[in-house]
Amino acid sequence: MAAEDKWKESLPELTEAIVATYADENGLHHLNRRPLPSREIVSDLVHDLLDVLFPGFGRRQNLHTQNVEYYIGDLLDNLLDKLSQQIRRALRHDQSKRLEIIDFEGIAQKKSVDFLRRIPTLRAILKRDVAEAFEGDPSAKTPQEIVFCYPGIEAISIYRIAHELLKLGVPLIPRMMTEYAHSRTGIDIHPGASIGPAFFIDHGTGVVVGETCEIGEHVKLYQGVTLGALSFPRDNEGKIIRDRKRHPTLEDHVIVYANATILGGETVIGRNSVIGSSVWITQSVEPNTVVVLEKPRLSIRGPKLNQADFYSI
Amino acid sequence: MAAEDKWKESLPELTEAIVATYADENGLHHLNRRPLPSREIVSDLVHDLLDVLFPGFGRRQNLHTQNVEYYIGDLLDNLLDKLSQQIRRALRHDQSKRLEIIDFEGIAQKKSVDFLRRIPTLRAILKRDVAEAFEGDPSAKTPQEIVFCYPGIEAISIYRIAHELLKLGVPLIPRMMTEYAHSRTGIDIHPGASIGPAFFIDHGTGVVVGETCEIGEHVKLYQGVTLGALSFPRDNEGKIIRDRKRHPTLEDHVIVYANATILGGETVIGRNSVIGSSVWITQSVEPNTVVVLEKPRLSIRGPKLNQADFYSI
Amino acid sequence: MAAEDKWKESLPELTEAIVATYADENGLHHLNRRPLPSREIVSDLVHDLLDVLFPGFGRRQNLHTQNVEYYIGDLLDNLLDKLSQQIRRALRHDQSKRLEIIDFEGIAQKKSVDFLRRIPTLRAILKRDVAEAFEGDPSAKTPQEIVFCYPGIEAISIYRIAHELLKLGVPLIPRMMTEYAHSRTGIDIHPGASIGPAFFIDHGTGVVVGETCEIGEHVKLYQGVTLGALSFPRDNEGKIIRDRKRHPTLEDHVIVYANATILGGETVIGRNSVIGSSVWITQSVEPNTVVVLEKPRLSIRGPKLNQADFYSI
Numbered sequence: 001m002a003a004e005d006k007w008k009e010s011l012p013e014l015t016e017a018i019v020a021t022y023a024d025e026n027g028l029h030h031l032n033r034r035p036l037p038s039r040e041i042v043s044d045l046v047h048d049l050l051d052v053l054f055p056g057f058g059r060r061q062n063l064h065t066q067n068v069e070y071y072i073g074d075l076l077d078n079l080l081d082k083l084s085q086q087i088r089r090a091l092r093h094d095q096s097k098r099l100e101i102i103d104f105e106g107i108a109q110k111k112s113v114d115f116l117r118r119i120p121t122l123r124a125i126l127k128r129d130v131a132e133a134f135e136g137d138p139s140a141k142t143p144q145e146i147v148f149c150y151p152g153i154e155a156i157s158i159y160r161i162a163h164e165l166l167k168l169g170v171p172l173i174p175r176m177m178t179e180y181a182h183s184r185t186g187i188d189i190h191p192g193a194s195i196g197p198a199f200f201i202d203h204g205t206g207v208v209v210g211e212t213c214e215i216g217e218h219v220k221l222y223q224g225v226t227l228g229a230l231s232f233p234r235d236n237e238g239k240i241i242r243d244r245k246r247h248p249t250l251e252d253h254v255i256v257y258a259n260a261t262i263l264g265g266e267t268v269i270g271r272n273s274v275i276g277s278s279v280w281i282t283q284s285v286e287p288n289t290v291v292v293l294e295k296p297r298l299s300i301r302g303p304k305l306n307q308a309d310f311y312s313i
Numbered sequence: 314m315a316a317e318d319k320w321k322e323s324l325p326e327l328t329e330a331i332v333a334t335y336a337d338e339n340g341l342h343h344l345n346r347r348p349l350p351s352r353e354i355v356s357d358l359v360h361d362l363l364d365v366l367f368p369g370f371g372r373r374q375n376l377h378t379q380n381v382e383y384y385i386g387d388l389l390d391n392l393l394d395k396l397s398q399q400i401r402r403a404l405r406h407d408q409s410k411r412l413e414i415i416d417f418e419g420i421a422q423k424k425s426v427d428f429l430r431r432i433p434t435l436r437a438i439l440k441r442d443v444a445e446a447f448e449g450d451p452s453a454k455t456p457q458e459i460v461f462c463y464p465g466i467e468a469i470s471i472y473r474i475a476h477e478l479l480k481l482g483v484p485l486i487p488r489m490m491t492e493y494a495h496s497r498t499g500i501d502i503h504p505g506a507s508i509g510p511a512f513f514i515d516h517g518t519g520v521v522v523g524e525t526c527e528i529g530e531h532v533k534l535y536q537g538v539t540l541g542a543l544s545f546p547r548d549n550e551g552k553i554i555r556d557r558k559r560h561p562t563l564e565d566h567v568i569v570y571a572n573a574t575i576l577g578g579e580t581v582i583g584r585n586s587v588i589g590s591s592v593w594i595t596q597s598v599e600p601n602t603v604v605v606l607e608k609p610r611l612s613i614r615g616p617k618l619n620q621a622d623f624y625s626i
Numbered sequence: 627m628a629a630e631d632k633w634k635e636s637l638p639e640l641t642e643a644i645v646a647t648y649a650d651e652n653g654l655h656h657l658n659r660r661p662l663p664s665r666e667i668v669s670d671l672v673h674d675l676l677d678v679l680f681p682g683f684g685r686r687q688n689l690h691t692q693n694v695e696y697y698i699g700d701l702l703d704n705l706l707d708k709l710s711q712q713i714r715r716a717l718r719h720d721q722s723k724r725l726e727i728i729d730f731e732g733i734a735q736k737k738s739v740d741f742l743r744r745i746p747t748l749r750a751i752l753k754r755d756v757a758e759a760f761e762g763d764p765s766a767k768t769p770q771e772i773v774f775c776y777p778g779i780e781a782i783s784i785y786r787i788a789h790e791l792l793k794l795g796v797p798l799i800p801r802m803m804t805e806y807a808h809s810r811t812g813i814d815i816h817p818g819a820s821i822g823p824a825f826f827i828d829h830g831t832g833v834v835v836g837e838t839c840e841i842g843e844h845v846k847l848y849q850g851v852t853l854g855a856l857s858f859p860r861d862n863e864g865k866i867i868r869d870r871k872r873h874p875t876l877e878d879h880v881i882v883y884a885n886a887t888i889l890g891g892e893t894v895i896g897r898n899s900v901i902g903s904s905v906w907i908t909q910s911v912e913p914n915t916v917v918v919l920e921k922p923r924l925s926i927r928g929p930k931l932n933q934a935d936f937y938s939i
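Protein chains in written order, with this note's numbering: chain A, 1 to 313; chain B, 314 to 626; chain C, 627 to 939.
In structure tokens:
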């Protein structure tokens, strides 16, 4: 027996030991079930939809008034098939414990068409988002640069797609889409959040917008901002209660600077307010309020320090 | 001579000038050396291993009790070859200054088999991680959603794989794996950290867990949490001393909220303690302690402010 | 008519409704225009350039003194074509409103060659960056590990490439490159920032370095650090004024620890200073200053707390 074969002798034993751990019905596996939506196809769908929302900025160049209808018509034809197939999978997975026969295919097709009917409205909202970004960021040279390069616009666009699908009752896929955006941009917006138009996130890495946030119009967030929950209420058995408002409300024209943290379902930041950088806040503030941190204590040391000693405090 | 050729005339000169900078033996190159592990194959291995750990959630759908053994057996057969080839490269690179003849192939094969023997134990730990995540996050609808969508579970799973390889004495590859997870999730866990079961990271972007952290059971971290080092001790020649405990210890049932920073190798956060959002702490705290920031100073301005003036403080 | 056909009946109507929204000349589209640079080719160019800067660490293994000149010569030949094609697209897009005839091809070729002439200088700077990283991070085992695994070095290298292209007057592509790095590493360095050699970013997720920052030599940043702007000055019409220094200056040998925020164009952090973790600062500090947060208020609670109550403060 060759050396390589000897080493491979352990393969059956390894396989058996691992497969034995799959027997537990509550284990970490997805065996004997209808397939989940495909991560690859869902992220492909996201790019198709971004092409529809921002034609000429995406994968297909050289679009013009004469050819764009053919391109979009063909793209939508494919998109309808892929989207309704993935929605069908998500619905079947979600309803796998029900016994009655459900026409998942018909429902998925209807939801796909209903979703695409909302594209013109989505484009009108995104137009206001892009205008707000250009108005608010001095380092942007043109609005085109914002659509083409800004991760904030990418994350917001994908959130708006996912939010519409969630409102149509599509399970799983909205979360897959926003997690795809999260992976690409570091911006984590739950598809359940409610966010008005003219929304802008600059830089964006580390931003978290929780499921039950309510955000008005013309709101601007910087990197590292958390709109999160305080402690979670629990029922008599100690289980956390889901589906309650746990995240803050930001009224119109609020600005939240880098790394600020706003927590709690009853926290309301009044309109025109500004939450300064690194502020941590769990209480409501009136409209037109500015909240800033006090200046830090300065600890000054002599000019001949060894760099290694600087931070040993 | 065509215009294009004229422009390309500078090619030999450009090449020569650049290649001349490679002559320095201490330069930024990896010439005349055995190949490093391949980034592409290592990230492919990560996905193979996630398929083994969570069958049916990954690249292969439609697995069931009857076909899963064939699929896993075949996957492991390929995985053993790829893993032991990459470990061989990593070992050879790490030992490139030694003169004696070492059976890198045999050692790599043994380490690969030893690693795969630990998969059932890893699955048992990950089961507790997933249960903790579902118990702790009201926005998760099913445990399947957590395995399928949560970047925290992806980062923890890849850390647990990498940590086992590190314990088996595999160089470089564990760090490549956790940096792959870092790139995808924004969660940076050093493979050397020691982390108990039922560990959960929510949202996760910006989390840093340092090399010498010790984390107990049932610990929960939110986005932006740093478990880091204070200043680094240096030897008599001013060189930093490596391999000393530089990062904090978190006992069982500790929760650390968003953007908190805990620093120092002698810092111990006692069991059941809670470190609040945005807290910066370099000292130990007793068990059952809650550490929170004071409320921020409120600076309130009149209702007729120009938005541009809000933040000029 | 088959069921599938019936469902697809809405396709022409959907297409028409969406395409109608493209008519607005100020809409979110890029129709009837010269093509933008390609995201895929620009990210491919980044990897080609990283191969030239760090030969043997990238996509091509087994390089040695005898074959490296052929490999690099061939790579540069292709790189010149791709780079000058993309620069031509970026220039044409930027100048699309001018009427005179411009030799975009010739200008793009010249800029490409000029850029590649700077590679040896870039390598000399990057050598100092890598040395600083190895000197400053106890968890790195070898300098090779830093080049091969550290996202900070990847982000800094891509920033240095982008910054040279920006100085040569190349539009759009520098920002595309740094946003590509941002997506991979969570580190967002504007290509316009000016950064001296021996620069190191550890971990890096959430770092933001603004367009008009000036950073000296031997500066070290940790994860989550923002070097940002205060409010933006506006002209008489209320439009923000672009192209003014809005971001801070860090002199030589400054260290900024995790999640600190330094804001304002007139803020200067004097040489040898240290800004502690989570500090928020908008004023200048003298050389050799250490700025740290005060210790947080400790709120200690009894040993029999229900975990759900811990954070309801």
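For glycine and all other residues, C-beta sits at the position ideal for the given N, C-alpha and C.
**Min CB distance residue 706/C to chain B below 9 Å** = yes
**Item:** 9 Å Cβ cutoff met for residue 572/B and residue 519/B
**Value:** yes
**Request:** Starting from residue 747/C, trace the alpha helix (DSSP H) both ways and give me its first and last residue.
**Result:** 745 to 762
**Item:** Same chain, Cβ closer than 7 Å to residue 65/A, neighbours up to 5 away in sequence not counted
**Value:** none
**Request:** Determine which residues share a DSSP beta bridge with residue 226/A and list them.
**Result:** 208/A, 261/A
**Request:** Taking residue 819/C and residue 799/C to be in contact with their CB atoms under 8 Å, please state how far apart those CB atoms are, rounded to whole angstroms.
**Result:** Contact doesn't hold; Cβ gap of about 16 Å is too wide.
**Prompt:** With which residues is residue 414/B paired in a DSSP beta bridge?
**Reply:** According to DSSP, residue 414/B bridges with nothing at all.
**Message:** Tell me the rounded alpha-carbon separation between residue 727/C and residue 659/C.
**Reply:** 16 Å
**Item:** Distance between residue 489/B and residue 134/A (C-alpha atoms, nearest Å)
**Value:** 38 Å
**Message:** Quick check on DSSP: helix, strand or coil for residue 82/A?
**Reply:** helix
**Request:** Could you list the residues in the stretch 435 to 446 of chain B with a C-beta less than 8 Å from some C-beta on chain A, going in chain order?
**Result:** 436, 437, 439, 440, 443
**Prompt:** Of all the options 42/A, 212/A, 112/A, 37/A, which has the alpha carbon lying nearest to the alpha carbon of residue 266/A?
**Reply:** 212/A
**Short CB-CB distance (under 9 Å) between residue 566/B and chain A** = no
**Message:** Can you tell me whether residue 811/C is helix, strand or coil according to DSSP?
**Reply:** helix
**Item:** Among 222/A, 221/A, 157/A, 195/A, nearest to residue 127/A - alpha-carbon criterion
**Value:** 157/A
**Residues near residue 616/B in its chain [Cβ-Cβ closer than 6 Å; skip 5 each side]** = Here the model assigns residue 616/B a pLDDT of 48, short of 50, so the residue's position is not dependable and the matter cannot be decided.
**Request:** Whole angstroms is fine: what's the gap from residue 247/A's alpha carbon to residue 230/A's?
**Result:** 8 Å
**Neighbour list for residue 872/C in chain A, Cβ cutoff strictly below 7 Å** = 138
**Request:** Classify residue 188/A as buried or exposed, calling it buried when 16 or more other Cβ atoms lie within 10 Å of its own Cβ.
**Result:** buried
**Prompt:** Three-state secondary structure (DSSP) at residue 826/C?
**Reply:** strand
**Prompt:** Can the beta-carbon of residue 514/B be found less than 9 Å from the beta-carbon of residue 468/B?
**Reply:** yes
**Prompt:** In three-state terms, what does DSSP make of residue 608/B?
**Reply:** coil
**Asked** So what does DSSP say about residue 527/B, is it helix, strand or coil?
**Response** strand
**Asked** To the nearest angstrom, how far is it from the Cα of residue 755/C to the Cα of residue 56/A?
**Response** 39 Å
**Spatial neighbours of residue 934/C in its chain, beta-carbon cut-off 6 Å, leaving aside the 5 residues before and after** = Only weak support is given to the placement of residue 934/C: the predicted model assigns it a pLDDT of 39, under 50, and the value that follows is read from those uncertain coordinates. Closer than 6 Å at Cβ, skipping near neighbours: no residue.
**residue 58/A classed as buried or exposed, judged by whether at least 16 other C-beta atoms fall within 10 angstroms** = buried
**Message:** Does the contact criterion of 3 or more C-beta pairs under 8 Å hold for the stretch 351 to 358 of chain B versus the stretch 693 to 705 of chain C?
**Reply:** no
**Message:** Is the beta carbon of residue 744/C closer than 9 Å to that of residue 334/B?
**Reply:** no
**Message:** Suppose contacts are defined by Cβ-Cβ distances below 9 Å. Is residue 392/B in contact with residue 429/B by that definition?
**Reply:** yes
**Close Cβ partners of residue 808/C (< 7 Å) along its chain, the five nearest in sequence each way excluded** = 814
**Within chain B, partners of residue 742/C - CB distance below 7 Å** = 327
**Request:** Classify residue 297/A as buried or exposed, calling it buried when 16 or more other Cβ atoms lie within 10 Å of its own Cβ.
**Result:** exposed
**Asked** Which residue's Cα is closest to the Cα of residue 541/B: 680/C, 830/C, 730/C?
**Response** 830/C
**Alpha carbon of residue 261/A to alpha carbon of residue 591/B, nearest angstrom** = 8 Å
**Asked** Rounded to a whole number of angstroms, what is the C-alpha to C-alpha distance between residue 498/B and residue 811/C?
**Response** 10 Å
**Request:** Going by CA-CA distance only, name the one from 593/B, 359/B, 594/B, 566/B that's closest to residue 600/B.
**Result:** 566/B
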